[in-house]
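All you need for my numbering is the position in the sequence shown, starting with 1, plus 148.
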Amino acid sequence: MKTSARARRVGIYVRISDDREGGGLGVQRQEDDCRVLAASLGWKVVELYVDNDVSASDRRKVRKGYRRMLADIESNHIDGVLAWHPDRLYRQPAELEDLITLIEANDVEIRTKMAGELDLSTPTGRLHARMFGAIGKYETEHKQERILRKVQELVQAGAIHNGGHRPFGYERIYEGTGPRRKVIEDRIDEDEAKHIRDWAKRALEGESLYSLVADANSLGIKTSTGGLWSYQGMRALLASGRIAGLKEHRRQVVGKAVWPAIITVEQHQQLRALLNNRAEQAKENGAQRTSTALKYPLSGLVRCTCTEDHIRMKTSPSSNRKGPVYRCPPKGDGGCGGRTIKIADLERLMEKLLFAKLEEVEPMDEGDPNDPRPALEQKLGRWERRVEELKEELLDGDRPGREIQGAIDTLNSRIAQTQREAAEYSVKTRILEVSAEELREVWEDYPPARRQSVYRSLIKEVLILPATPPKNVWNPGRVKVFWK
Ligand SMILES: [Zn+2]
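Okay, here's the thing in structure tokens:
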């Protein structure tokens, strides 16, 4: 028997299922919600029960987690149960009846995030529980549909033009001819889709869009209107939800589209996070756009120590016979104007350091304790859930819409920032998965832009210290590399 002084010792029950509502609701999310609920009730979580209905080939297979939970109730190991929704907890009437029998014999409380307390000790409570079993699933599906319908209404009200030209990667099927023909289907164009997948992969490995554009144009790949690729065009393509089979409205994904996907939703999210980040970095670093192809892969990373914020050194054509150098900007532009380092010398050193670094880094396995992504995912889950709640509030209309929209916007920008952090880390791990040997083999064939992306994903900055006499002798000690 429990006393009121003792916190309830409870178990969280989560279930993975492939039903529509459960499909979008990860186990982690169910667990997170239940933990929050436990904290608010002052309950102590001592067990976690997980069942996977998806992988069970035999649907009638006994749910192991559920059985273990019942046994723990019986042995008084736990005296409370938390679940996300009653329909997570029991799947069939018989399972509910088992639970009711047990609860009548023990002092056990059940709470769910979505439906509150499940009181199986009273006839009314039991009736509710039985009803939840029957209608719970229907109800949540219905709610999802309600939100989706609302969004669709908004999209239509926003006058989306379904016209426009054929999207790259797809073959467009029309009904009728002439200006009033109707689009009836977008099918994948395998040749173009192959390019999209290649570009997406390279962008995710950190290659710059300029480099992809130059490559596409040199290979004679045309845009869907038959023109040359531009930075903006490449960016719009790779950041679009369209190629992941997602429908967007004002750059926000509003749902799954009717056309097929060329890349995965995960790739899309990483691409979008990365490309947004690059746009911001470009702004910070001042206009970095150059129409001429990049010549020196270390550009942007090489900095002088004469200022506190390490001013960027710029490439400068050979004065005398030294060959091109990186030079600190003149005094009028905030630098010292004097410090230079020969590009050829620096590149040779940096290649050596890069390969040494790759040899020293152990290949990451799945359990890297420094991997920030699990923590980031948790944050994301929490915020995304909150956005969903706020969207529902928006439908209810109790609070001023502007206020809620403001909160949604704040959360969305936090979500974007966090997705970026996760994506940046993924780029780094992709590079680190390549062994030094593998990279050495392809390094010679890498254009400067691609080399730059490798350097950039691993290096924060390369500091150049003042020259020491004798000044005309190469001194690698002047170079200090800060790895990410
Ligand atoms: Zn300087």
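Just so it is clear, CB atoms sit at the ideal spot from N, CA and C, and this is done for glycine as well.
Helix, strand or coil for F630, going by three-state DSSP, please let me know.
As a working note, residue 630 is residue 482 in the sequence shown. Looking at F630 - three-state DSSP - the assignment turns out to be strand.
Drop a sphere of 10 angstroms on the beta-carbon of W232, count the other beta-carbons inside from all chains shown, and report buried for 16 or more, exposed for fewer.
The residue you call residue 232 lines up with position 84 of the sequence shown. W232 is buried by the Cβ-count criterion.
Which word fits Y322, buried or exposed, when buried means at least 16 other C-beta atoms lie within 10 angstroms of its C-beta?
Stepping through the sequence shown from its first residue, residue 322 is reached at position 174. That one is exposed.
Run the proximity test for I489: is its beta-carbon closer than 7 angstroms to any non-hydrogen atom belonging to ligand 1?
The sequence position of residue 489 within the sequence shown is 341, counting from 1. The answer is no for I489.
Measuring CB to CB, does A392 end up less than 8 angstroms from V406?
Residue 392 sits at position 244 when you count from the first residue of the sequence shown. Residue 406 sits at position 258 when you count from the first residue of the sequence shown. Not a contact, by the Cβ cut-off of 8 angstroms.
Leaving aside the five residues before and after L611 along the sequence, list all residues of the same chain whose C-beta is less than 6 angstroms from its C-beta, in chain order.
Counted from its first residue, the sequence shown places residue 611 at position 463. Contacts found: R451, T453, K628.
Candidates G354, M461, R533, E456: closest to T577 by CA position:
Along the sequence shown, one-based indexing puts residue 577 at 429. Nearest option by C-alpha distance: G354.
For I336, is the beta carbon positioned less than 7 angstroms from some heavy atom of ligand 1?
Counting from one through the sequence shown, the residue named residue 336 turns up at place 188. For I336, the distance from the CB to the nearest heavy atom of ligand 1 is not below 7 angstroms.
Going by C-alpha distance, which of P445, D493, A615, E532 is nearest P596?
For the purposes of this step, residue 596 is identified with residue 448 of the sequence shown, where counting begins at 1. In terms of Cα proximity to P596, the closest of P445, D493, A615, E532 is P445.
Quick one: what's got a C-beta closer than 7 angstroms to D493's C-beta in the same chain, skipping five residues either side?
Here residue 493 refers to the residue found at position 345 of the sequence shown. Cβ neighbours of D493 beyond the five flanking positions: W622.
Compute the minimum distance between the beta carbon of G549 and the heavy atoms of ligand 1, and state whether it is under 7 angstroms.
Sequence index remark: in the sequence shown, residue 549 carries index 401 (1-based). No, the Cβ of G549 stays beyond 7 angstroms of every heavy atom of ligand 1.
Is it buried or exposed, A523, if we count other Cβ atoms within 10 angstroms and call 16 or more buried?
What you label residue 523 is simply residue 375 of the sequence shown in a count that begins at 1. By the neighbour-count rule (16 or more Cβ atoms within 10 Å), A523 is not buried but exposed.
Does DSSP put N224 in a helix, a strand or coil?
As a first step, residue 224 is located in the sequence shown; it is residue number 76 there, counting from the start. If DSSP states are grouped into helix, strand and coil, N224 belongs with coil.
Leaving out the 5 sequence neighbours to the left and right, which residues in its chain are closer than 6 angstroms to R420 when beta-carbon positions are compared?
Locating residue 420 in the sequence shown gives position 272, counting from the first residue. Annotation for R420: A387 place their beta carbon closer than 6 angstroms to its own, counting only its chain and skipping 5 residues before and after.
What three-state label does DSSP hand K608 in the structure shown?
By 1-based counting over the sequence shown, the position of residue 608 is 460. Look at K608 here: in three-state DSSP terms it is strand.
Where does E257 sit, in a helix, a strand or coil, going by DSSP?
On the sequence shown, position 109 is the one that residue 257 refers to. The three-state reading of DSSP puts E257 in strand, counting E and B together.
With DSSP run on the structure shown, which of helix, strand or coil describes E287?
One-based indexing of the sequence shown puts residue 287 at position 139. For E287, the pLDDT reaches just 49, beneath the cut-off of 50, and the residue's location in the model is therefore unreliable, although a value from the coordinates is still provided. Helix.
Could you round the C-beta distance between R216 and Y238 to whole angstroms and report it? I think they count as a contact, below 8 angstroms.
Translated into the one-based positions of the sequence shown, residue 216 becomes position 68. Translated into the one-based positions of the sequence shown, residue 238 becomes position 90. Rounded, the Cβ-Cβ distance is 15 angstroms, inconsistent with contact.
Run through DSSP, which three-state label would T373 get?
Within the sequence shown, numbered from 1, the residue matching residue 373 stands at position 225. T373 sits in coil when the DSSP states are folded into three classes, being neither helix nor strand.
Using only the alpha-carbon positions, how far apart do K192 and T260 sit?
The count along the sequence shown starts at 1 and reaches residue 192 at position 44. The count along the sequence shown starts at 1 and reaches residue 260 at position 112. T260 has its alpha-carbon roughly 15 angstroms from the corresponding atom of K192.
When we look at the beta-carbon of H313 and count the other beta-carbons within 10 Å, is it buried (16 or more) or exposed?
For this step, residue 313 is matched to residue 165 along the sequence shown. It counts as exposed.
Evaluate R547 with the Cβ neighbour count: other Cβ atoms within 10 Å of its Cβ, from every protein chain shown; 16 or more gives buried, anything less gives exposed.
For the purposes of this step, residue 547 is identified with residue 399 of the sequence shown, where counting begins at 1. Around the C-beta of R547, fewer than 16 other C-beta atoms lie within 10 Å, and the residue is accordingly described as exposed.
So the candidates are T455, K505, G480; which of them puts its Cα closest to the Cα of E585?
As a working note, residue 585 is residue 437 in the sequence shown. When each option's Cα is compared against that of E585, the closest is K505.
Locate the beta strand (DSSP E) running through V450, then write down its first and last residues.
The residue you call residue 450 lines up with position 302 of the sequence shown. For V450, the uninterrupted beta strand (DSSP E) run begins and ends at 450–452, by DSSP.
Exposure label - G317; buried when at least 16 CB within 10 Å:
Mapped onto the sequence shown, residue 317 falls at position 169. Buried is the label assigned to G317, since at least 16 other Cβ atoms lie within 10 Å of its Cβ.
Simplified DSSP assignment, three categories, for E195
On the sequence shown, position 47 is the one that residue 195 refers to. Shown here, E195 sits in a strand according to DSSP, grouped into three states.
Should I332 be labelled buried (16 or more other beta-carbon atoms within 10 Å of its own) or exposed?
Counted from its first residue, the sequence shown places residue 332 at position 184. Looking at its Cβ environment, which holds fewer than 16 other Cβ atoms inside 10 Å, I332 is exposed.
Regarding I563 and ligand 1, is the C-beta to nearest heavy atom distance less than 7 angstroms?
In the sequence shown, the residue the question calls residue 563 occupies position 415. Checking the Cβ of I563 against ligand 1 gives no.
Contact check, L422 vs M382, beta carbons under 8 angstroms:
To locate residue 422, count along the sequence shown from 1; it is residue 274. To locate residue 382, count along the sequence shown from 1; it is residue 234. No, the Cβ-Cβ distance between L422 and M382 is not below 8 angstroms.
Would you tell me roughly how many angstroms separate the C-alpha atoms of I410 and I489, rounded to the nearest one?
Against the sequence shown, residue 410 aligns to sequence position 262. Against the sequence shown, residue 489 aligns to sequence position 341. For I410 and I489, the distance between alpha carbons rounds to 45 angstroms.
Selection from I556, D334, V175 that minimises the alpha carbon distance to L542
Along the sequence shown, read from residue 1 onward, the residue named residue 542 stands at position 394. I556 is the residue among I556, D334, V175 whose C-alpha sits nearest the C-alpha of L542.
Does ligand 1 have even one heavy atom less than 7 angstroms from the beta-carbon of G483?
If you number the sequence shown from 1, residue 483 lands on position 335. The answer is yes for G483.
Does DSSP put N200 in a helix, a strand or coil?
Translated into the one-based positions of the sequence shown, residue 200 becomes position 52. Here N200 sits in strand by DSSP.
Verify the contact flag: C452, CB atom, against every heavy atom of ligand 1, threshold strictly below 7 angstroms.
Taking the first residue of the sequence shown as position 1, residue 452 is located at position 304. Yes, Cβ of C452 sits closer than 7 angstroms to a heavy atom of ligand 1.
Please identify the residue among N518, R588, V535 whose C-alpha is closest to the C-alpha of F503.
By one-based count along the sequence shown, residue 503 stands at place 355. Comparing Cα positions, the closest option is R588.
Leaving aside the five residues before and after R460 along the sequence, list all residues of the same chain whose C-beta is less than 6 angstroms from its C-beta, in chain order.
Numbered from 1 along the sequence shown, position 312 holds the residue referred to as residue 460. Around R460: R451.
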